[in-house]
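Chemist: Protein chains in written order, with the numbering used here: chain A, 1 to 139; chain B, 140 to 386.
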């Protein structure tokens, strides 16, 4: 509170409640928010793995084979599985947030939220399909 | 005897006690009563010392916001029957200092509201005699949703960012800033941007989104803040790429 609140400066005692450290566990929507924030850690870990992969690729066929073996470690598979779920959660919530940030208007009327979010999902689907196609063609 | 319901009210009498305590009251259970009716019944018939704010009892004045069973609510629009058979716990709004019982101290919000200039700012400032500013229904529609805010502070009570960092300007003030920014008659966007592009302004918001969930008037403050962030970012890019152009 700023010092300019002079008229209440000499008030006897206000009661202030402290926000508990576990405030986010009180409600599903708060918990969902914290999980979303946490998902950034997994997004970062994906990027680290990608960088390691590029590094291995630069190191020649042997180094890349070694990297592939390392990826098959059960612990890493489990970690990547959890990470994948978090990244999925991040992507879905991110796309669902776009209509909030973008008030798209067409002929003076605001487009329904679904129509703003849908192109994101469509682009996601198209990119995924392209990757699957490229992988299938090689395999 | 007619059916009753128990209301557990948080009492805080600073001259008597160091922290709030709960006091239970039995009130008649009328299915068309709201929580505010029950509090007024207690005040009139059971315990005249109970303190709380209220005025219009029809969701317009924004005075009767309280925490009902852990959720911030307008008590004039929260029916007892929703919580049947009870008990119902009524506490002051969270994130604000408590003055007495259910009365919170709101000066902080009032100052923040003022800091974003929630009025029409004009560079030319013509005299009233020069006539009114005309506006089409489409232009009205641009900001109408944000103008429904009644300053009830329920969004501040739901916002964990405001709870953890009281410097944060907060949902309602930013939504109202956006209400005037989107108004075709207003020219004060840059002045407001100076206040709101600070860290305590729009960037303090981490988009928990609860302000929008709890808003009794469907104002969508979370949407207003994100749209503001987008505008601020575009602004920054524009000034970065075209430093010679003035907005």
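Using N, Cα and C, we set each Cβ at its ideal position, and we do this for glycine too.
Is there contact here, the segment 333-347 of chain B with the segment 280-296 of chain B, by at least three beta-carbon pairs under 8 Å?
Modeler: Contact fails: fewer than three Cβ-Cβ distances are below 8 Å.
Chemist: Determine the DSSP secondary structure at residue 164 of chain B, reduced to helix, strand or coil.
Modeler: Residue 164 of chain B: strand per DSSP, three-state reduction.
Chemist: Is it true that the CB of residue 206 of chain B sits closer than 8 Å to the CB of residue 239 of chain B?
Modeler: Against a cut-off of 8 Å, the Cβ pair of residue 206 of chain B and residue 239 of chain B comes out as no contact.
Chemist: My parser needs the beta strand (DSSP E) runs of 3 or more residues fully inside the segment 23-57 of chain A; what are they?
Modeler: Those beta strand (DSSP E) runs which fall completely within the segment 23-57 of chain A and span 3+ residues do not exist here.
Chemist: I'd like to know whether the C-beta atoms of residue 39 of chain A and residue 87 of chain A end up nearer to each other than 8 Å.
Modeler: Yes. Within cutoff.
Chemist: At a cut of 8 Å, does the segment 20-31 of chain A reach the segment 51-67 of chain A through at least three beta carbon pairs?
Modeler: Touching, no.
Chemist: For chain A, is any of its Cβ atoms less than 8 Å away from the one on residue 377 of chain B?
Modeler: So no, residue 377 of chain B is outside the interface.
Chemist: Of the residues that make up the segment 353-381 of chain B, which ones have a beta carbon closer than 8 Å to any beta carbon in chain A?
Modeler: Those would be 359, 361, 362, 365, 366, 368, 369, in chain order.
Chemist: Within 8 Å of any Cβ in chain B, is that where the Cβ of residue 94 of chain A sits?
Modeler: Chain B, which has no Cβ nearer than 8 Å to the Cβ of residue 94 of chain A, makes this no.
Chemist: State the Cα-Cα distance for the pair residue 160 of chain B and residue 14 of chain A, rounded to the nearest angstrom.
Modeler: Residue 160 of chain B and residue 14 of chain A: Cα-Cα distance of roughly 14 Å.
Chemist: Short of 7 Å Cβ to Cβ, which residues in the segment 35-49 of chain A face chain B?
Modeler: Hits within the stretch: zero.
Chemist: Spell out the partners DSSP gives residue 211 of chain B in its beta bridges.
Modeler: According to DSSP, residue 211 of chain B bridges with B:206.
Chemist: Is any heavy atom of the ligand GTP found at a distance shorter than 7 Å from the C-beta of residue 93 of chain A?
Modeler: The model on display carries no ligand, and the ligand GTP is accordingly not part of it.
Chemist: DSSP three-state call for residue 262 of chain B: helix, strand or coil?
Modeler: Residue 262 of chain B: coil per DSSP, three-state reduction.
Chemist: Rounded to whole angstroms, what's the CA-CA distance from residue 199 of chain B to residue 290 of chain B? Just pull it up for me.
Modeler: Cα-Cα distance, rounded: 9 Å.
Chemist: Starting from residue 62 of chain A, follow the alpha helix (DSSP H) in both directions and report where the run begins and ends.
Modeler: Element bounds for residue 62 of chain A: 61-71.
Chemist: If you draw a straight line from the C-alpha of residue 4 of chain A to the C-alpha of residue 255 of chain B, how long is it?
Modeler: Any reading at residue 4 of chain A needs caution, since the residue's pLDDT is 49, under 50, leaving its predicted position unreliable; the model's value is listed next. When rounded, the distance between both Cα atoms is 17 Å.
Chemist: For residue 19 of chain A, return the contacting residues in chain B, with the cut-off set at a CB-CB distance below 9 Å.
Modeler: Simply 233, 234, 299, 302, 303.
Chemist: For residue 356 of chain B, which of helix, strand or coil comes out of DSSP?
Modeler: DSSP places residue 356 of chain B in coil when its eight states are reduced to three.
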